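Take the position in the sequence shown, starting the count at 1, then add 4; the result is the number in the working numbering. Built from N, CA and C at the ideal position, the CB exists for glycine as well. On a predicted model such as this, the values are computed, not experimentally measured, just so you know. Accompanying notes for the structure given below.
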Amino acid sequence: MPAVAAVVQVRPAAVPTCPQQKRPRALGPVATLRSSFRQQTAASQRRQQLVHFTAAAATSSWQQRRRSGVVVAAAGGASDLPHDFAERKGRLDSGSEDFSQLTQQIEDTAKEVVEGLQGTSLFLVGMMGSGKSTVGKLVSKALGYCFFDTDVLIEQLTQKKVAEIFAEDGEESFRELETQVLAELSPFKNCVIATGGGVPTRAENWGHMQGGVSVWLNGPPTLLAHRVVGDGTETRPLLSQDGQQQQSDAYQAAVERLTQLLEQRQALYQIADLTISLEGSGPDSDLGAPAMVVAHRVLSAINQRVKDDAEERRRRMDFEIVQDELPETMRVMESPAAAAAAAAEEEDPHLP
Numbered sequence: 005m006p007a008v009a010a011v012v013q014v015r016p017a018a019v020p021t022c023p024q025q026k027r028p029r030a031l032g033p034v035a036t037l038r039s040s041f042r043q044q045t046a047a048s049q050r051r052q053q054l055v056h057f058t059a060a061a062a063t064s065s066w067q068q069r070r071r072s073g074v075v076v077a078a079a080g081g082a083s084d085l086p087h088d089f090a091e092r093k094g095r096l097d098s099g100s101e102d103f104s105q106l107t108q109q110i111e112d113t114a115k116e117v118v119e120g121l122q123g124t125s126l127f128l129v130g131m132m133g134s135g136k137s138t139v140g141k142l143v144s145k146a147l148g149y150c151f152f153d154t155d156v157l158i159e160q161l162t163q164k165k166v167a168e169i170f171a172e173d174g175e176e177s178f179r180e181l182e183t184q185v186l187a188e189l190s191p192f193k194n195c196v197i198a199t200g201g202g203v204p205t206r207a208e209n210w211g212h213m214q215g216g217v218s219v220w221l222n223g224p225p226t227l228l229a230h231r232v233v234g235d236g237t238e239t240r241p242l243l244s245q246d247g248q249q250q251q252s253d254a255y256q257a258a259v260e261r262l263t264q265l266l267e268q269r270q271a272l273y274q275i276a277d278l279t280i281s282l283e284g285s286g287p288d289s290d291l292g293a294p295a296m297v298v299a300h301r302v303l304s305a306i307n308q309r310v311k312d313d314a315e316e317r318r319r320r321m322d323f324e325i326v327q328d329e330l331p332e333t334m335r336v337m338e339s340p341a342a343a344a345a346a347a348a349e350e351e352d353p354h355l356p
């Protein structure tokens, strides 16, 4: 098993808060992880700027094409436009409007969730292909939290791919690394942590996650198989198949294997505080709901849970004593020490 003892040896003296705060300089793998995280954060900000620039450019391009279409229609008639121009334009306008509305809903919900969570970290659990990393990044961005992926951290620590660890050291060695990394992350606040699919199979891992909110991203094996086969099973040690296998055979094998794994783990996943469905709708329902929709479901469920817990606390505090007399079945016995003190005072009232 790769030596990663430094992961559990370097512990913060107090509960750290993420984003970064000043801490004593750490050495070894933990320092490498923190440095890597800062680099990832800067890269994420640059990518986000690029996304905004690309979106603005695409919008400008669409507006130019739309104006050109209007000019063409005015000059040569509507017959010069593509036959499905109106339908495609309608889908684009509707999709843009839905995306804007969903983005606003996520932002509004996140504001309430941040106030209710008060820094509590989130742990995403679920099967491979459930989108823990993708959804986790969206949720962390909405909340202003840091994001960690346990698989990525393990690869950085060992300088090996997950598949290589499985092949060279075995699954048990990888599970031990998962537990050590999770133990290192558990004290942090203001974080969203995407865990590996097998994390819930160890009881100690639930102990590390009990200080946060655990969220199970739940999807049927058929949905998960579409995703993992589409992404390639080479990086999935528990699903790796012969490279010569046909796509349809790979999909069916993935469904069977994922069904088997889910049967073994479902009772453990159900321990999570919240369960979020990945099911989608429309022509692409077999691929599940888009990541942004799932992220909104996660935030909405957390927000509702926070409100329900607050209401339950208020309800428990709202009580009144309706009977100030003790039931006949109860007796009040005088303290022997108090009785002795009273008797001594009667014998000598001048005693202090």
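Which of helix, strand or coil does DSSP assign to residue i?
i	result
S190	coil
F170	helix
F127	strand
D102	helix
F151	strand
R206	coil
G135	coil
G292	coil
I275	coil
E182	helix
E324	coil
G120	helix
E176	helix
K434	The requested residue 434 does not occur in the structure, where the chain is confined to residues 5 to 356.
G73	The predicted position of G73 is uncertain, since its pLDDT is 42 and thus under 50; no value can be drawn from it.
A59	Interpretation of A59 is limited by its pLDDT of 40, a score under 50 that renders its predicted location unreliable; the figure taken from the coordinates is listed afterwards. Of the three classes helix, strand and coil, the one that applies to A59 here is helix, per DSSP.
Q214	coil
K145	helix
E357	This structure does not reach residue 357, given that the chain is present from 5 up to 356, and the question cannot be answered.
S83	Unreliable placement is indicated for S83, whose pLDDT of 42 sits below 50; the coordinate value is still reported in the next sentence. S83 falls in the helix class under three-state DSSP.
P287	coil
Looking at the unbroken alpha helix (DSSP H) that takes in residue i, where does it start and where does it end?
i	result
T199	First-last for T199: undefined, no H or E at that position.
D155	T154 to T162
A305	A295 to M321
In the DSSP assignment, the beta strand (DSSP E) including residue i goes from what residue to what residue?
i	result
T279	L278 to S281
L221	V217 to N222
Determine, using beta carbons only, whether residue i and residue j come nearer to each other than 7 Å.
i	j	result
V185	I158	yes
P204	L106	no
T154	E182	yes
V310	G120	yes
S177	H212	no
A299	L282	no
V139	A295	yes
K141	F152	no
A220	T263	Sequence inspection shows Trp at residue 220; the Ala mentioned does not correspond to that position. No. Outside cutoff.
G223	M132	no
V302	V118	no
Rank the options by C-alpha distance to the C-alpha of residue i and give the top, closest one.
i	options	result
G148	L161, E116 and E168	E116
N194	A348, A114 and G123	G123
A146	E260, G133, L262 and V297	V297
L126	I197, E316 and S339	I197
Y255	R269, V233 and L265	V233
E260	G174, A229 and P287	A229
N307	Q109, A114 and F103	A114
W210	A276, E175 and S289	A276
Q270	S137, E350, P225 and F192	P225
S304	F103, D102, R317 and D112	D112
A187	K164, G215, T162 and Q163	G215
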